[in-house]
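These notes concern the structure reproduced below.
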Amino acid sequence: MTETERSVVQSLEGGSDAVCVAVHIRPLVESELADGCQTCLSVCPFSLQVVCKDGPTFTYDYVYGGGGASPDRLYDQCVQPLVVGLFKGYNACCFAYGQTGSGKTYTMGSSAFTATGSARGVIPCVMESIFDRIAATGDAAFTVRVGFVEIFNEEIRDLLSPDQAATAAASPSVHIREVVGGGVCLAGAHEKDVTSKEEMAAILEQGSRCRATASTGMNQRSSRSHAIFTITVEQRRIAPNRAPDQAEGDHSGDDEDGAPDDYLCAKMHLVDLAGSERQKRTKAEGARLKEGININMGLLALGNVVNALTENKAHIPYRDSKLTRMLQDSLGGNSKTTMIACVSPADINLEESTQTLRYANRARNIRNKPVVNRDPIAAQISHLRQQLATARAENTRLRRRCPPLAPYPPALNSYAVCSGDGLT
Ligand SMILES: Nc1ncnc2c1ncn2[C@@H]1O[C@H](COP(=O)(O)OP(=O)(O)OP(=O)(O)O)[C@@H](O)[C@H]1O
Numbered sequence: 001m002t003e004t005e006r007s008v009v010q011s012l013e014g015g016s017d018a019v020c021v022a023v024h025i026r027p028l029v030e031s032e033l034a035d036g037c038q039t040c041l042s043v044c045p046f047s048l049q050v051v052c053k054d055g056p057t058f059t060y061d062y063v064y065g066g067g068g069a070s071p072d073r074l075y076d077q078c079v080q081p082l083v084v085g086l087f088k089g090y091n092a093c094c095f096a097y098g099q100t101g102s103g104k105t106y107t108m109g110s111s112a113f114t115a116t117g118s119a120r121g122v123i124p125c126v127m128e129s130i131f132d133r134i135a136a137t138g139d140a141a142f143t144v145r146v147g148f149v150e151i152f153n154e155e156i157r158d159l160l161s162p163d164q165a166a167t168a169a170a171s172p173s174v175h176i177r178e179v180v181g182g183g184v185c186l187a188g189a190h191e192k193d194v195t196s197k198e199e200m201a202a203i204l205e206q207g208s209r210c211r212a213t214a215s216t217g218m219n220q221r222s223s224r225s226h227a228i229f230t231i232t233v234e235q236r237r238i239a240p241n242r243a244p245d246q247a248e249g250d251h252s253g254d255d256e257d258g259a260p261d262d263y264l265c266a267k268m269h270l271v272d273l274a275g276s277e278r279q280k281r282t283k284a285e286g287a288r289l290k291e292g293i294n295i296n297m298g299l300l301a302l303g304n305v306v307n308a309l310t311e312n313k314a315h316i317p318y319r320d321s322k323l324t325r326m327l328q329d330s331l332g333g334n335s336k337t338t339m340i341a342c343v344s345p346a347d348i349n350l351e352e353s354t355q356t357l358r359y360a361n362r363a364r365n366i367r368n369k370p371v372v373n374r375d376p377i378a379a380q381i382s383h384l385r386q387q388l389a390t391a392r393a394e395n396t397r398l399r400r401r402c403p404p405l406a407p408y409p410p411a412l413n414s415y416a417v418c419s420g421d422g423l424t
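Going left to right, the sequence shown walks through residues 1 to 424 as the UniProt record's numbering numbers them.
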């Protein structure tokens with residue numbers, strides 16, 4: 001079943017869903033401490049408000065660090081619900097937004113790491129949670145796939161391409177395509193099947209190594225691209241009146257009155273955006289400057305989409321950049337979405353942090369329309385298979401209730417006549 005054949009079926013559970021917005025305030029880092037920076041952000045005790053020094057106060061769904069809740073709770077409160085939704089067939093997106101050096105990669109955990117290593121963050125927790133859930137679910141068969149791309153200088157690069165040369169230069173074969181139901185998919189990007197969190201972690205690590213990073217005046221290891229790690233979970237939920245081992249091939253069970261099998265397929269985008277940057281502060285030149293301009297253009301397009309959505313404009317400018325096209329479903333579309341706004345508390349970054357906070361506050365007004373992604377064609381096939389199984393079982397039962405046929409040559413009047421109710 002291809003993406004384009006898969007249509008989205010509105011579920012009863014559907015409806016409008018606000019984007020969840022969390023703020024993560026990192027501690028002052030070494031360079032800021034060395035420069036004698038002071039903290040310019042504070043969190044109102046017992047509230048979800050962040051106060052900018054001599055400036056505005058903004059309210060969020062969650063605030064971590066800087067006097068807010070412990071960042072250890074970020075995953076459980078803001079991202080775990082998305083994973084729960086993923087298993088119910090809802091698309092999900094978690095993206096980190098913020099100025100360069102504000103802690104997006106740290107928060108997402110999308111830099112190279114191993115599953116057993118010490119680095120943690122949103123993505124490693126998602127991986128663990130997905131495979132824990134699969135292990136604990138007895139009545140469904142799962143297929144998990146991952147894809148990993150970056151948008152670098154307005155080109156989409158496949159970070160999982162087996163041909164590493166193709167990732168070094170923008171791989172022209174990766175295109176954004178519209179799918180039935182209004183979403184988008186990437187044509188030409190590799191997806192890999194995975195059966196464990198270790199395999200998934202190895203793929204994240206492999207892709208992260210190919211990702212474009214460079215040192216700038218504001219971050220020693222600055223992401224120069226927007227990275228999108230996509231996990232697809234397909235599940236075939238076996239009808240409750242059949243044991244899992246009866247589901248494949250064995251059609252002897254009597255499931256005439258049971259519900260048909262269910263096929264759900266949902267995607268989770270985990271997005272580590274490149275940070276907004278000012279040339280004056282990053283001191284970027286040449287290639288770094290070009291990257292910075294492209295980063296800012298993508299983020300500007302994202303900002304315009306957020307504004308248009310919150311102002312209920314008729315036209316939402318998704319097509320203005322590859323980033324906004326990729327996130328089309330996640331903002332105002334078929335997805336449950338969490339935005340994590342990352343900010344530095346250093347007074348030297350007050351202007352940028354205030355901008356991020358204002359932007360994140362606006363994003364709280366975005367309403368998405370998540371629906372359960374059910375595969376109607378596969379569900380129909382499943383239903384027909386069940387009907388066939390029912391007919392076969394009925395046939396077997398009737399045969400058992402009939403005496404064996406008499407050996408040839410039988411006397412004409414010794415034939416038993418069989419009906420649905422047994423012998424007559
Ligand atoms: N919560 C945190 N606690 C401790 N250190 C942090 C935290 N968040 C970020 N840092 C440190 O701050 C620096 C910048 O973080 P990071 O690379 O994640 O920023 P970024 O927003 O992804 O930057 P860019 O947009 O340039 O890629 C790193 O040295 C990182 O280790």
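Every residue, glycine too, gets a C-beta built ideally from N, C-alpha and C.
Note that this is a predicted model, so its numbers are computed, not measured.
query: Ends of the alpha helix (DSSP H) at residue 191?; result: Per DSSP, residue 191 belongs to no alpha helix (DSSP H) and is neither H nor E.
query: If you scan the stretch 16 to 62 from start to end, which runs of the beta strand (DSSP E) of 3 or more residues do you find wholly inside it?; result: 20 to 25, 41 to 43, 49 to 52, 57 to 59
query: Throw me the rounded Cβ distance for the residue 314 and residue 97 pair, which I believe falls under 8 Å.; result: That pair is no contact at about 25 Å.
query: Check whether the Cβ of residue 441 sits closer than 7 Å to any heavy atom of ligand 1, and report yes or no.; result: Examination of residue 441 is not possible in this model, given that the chain is present from 1 through 424 alone.
query: How many angstroms separate the CA atom of residue 61 from the CA atom of residue 48?; result: 7 Å
query: Tell me whether residue 300 sits in a helix, a strand or coil according to DSSP, three-state version.; result: helix
query: Drop a sphere of 10 angstroms on the beta-carbon of residue 54, count the other beta-carbons inside from all chains shown, and report buried for 16 or more, exposed for fewer.; result: exposed
query: Pick helix, strand or coil for residue 121, following the three-state DSSP scheme.; result: coil
query: Indicate, with yes or no, if ligand 1 has a heavy atom lying under 7 Å from the CB of residue 101.; result: yes
query: Output the residue ranges of the beta strand (DSSP E) runs that lie fully inside the stretch 66 to 110 and measure 3 residues or longer, sorted by chain position.; result: 92 to 98
query: Is the stretch 303 to 313 touching the stretch 63 to 70, taking contact as three or more C-beta pairs under 8 Å?; result: no
query: Give the DSSP bridge partners of residue 342, in chain order.; result: 24, 98
query: To the nearest angstrom, report how far apart residue 27 and residue 344 are at their CA atoms.; result: 7 Å
query: Less than 8 Å separating the beta-carbons of residue 179 and residue 188?; result: no
query: Under the rule that 16 or more other beta-carbon atoms within 10 Å means buried, what is residue 388, buried or exposed?; result: exposed
query: Taking residue 327 as the reference, give the member of 145, 226, 24, 158 with the closest Cα.; result: 226
query: Rounded to a whole number of angstroms, what is the C-alpha to C-alpha distance between residue 19 and residue 308?; result: 15 Å
query: Find the nearest neighbour of residue 371 within the set 361, 337, 317, 397, judged by alpha-carbon distance.; result: 337
query: Let me know the secondary structure DSSP gives residue 353 once reduced to three states.; result: helix
query: Is residue 105 near ligand 1, in the sense that its beta carbon is under 7 Å from a heavy atom of that ligand?; result: yes
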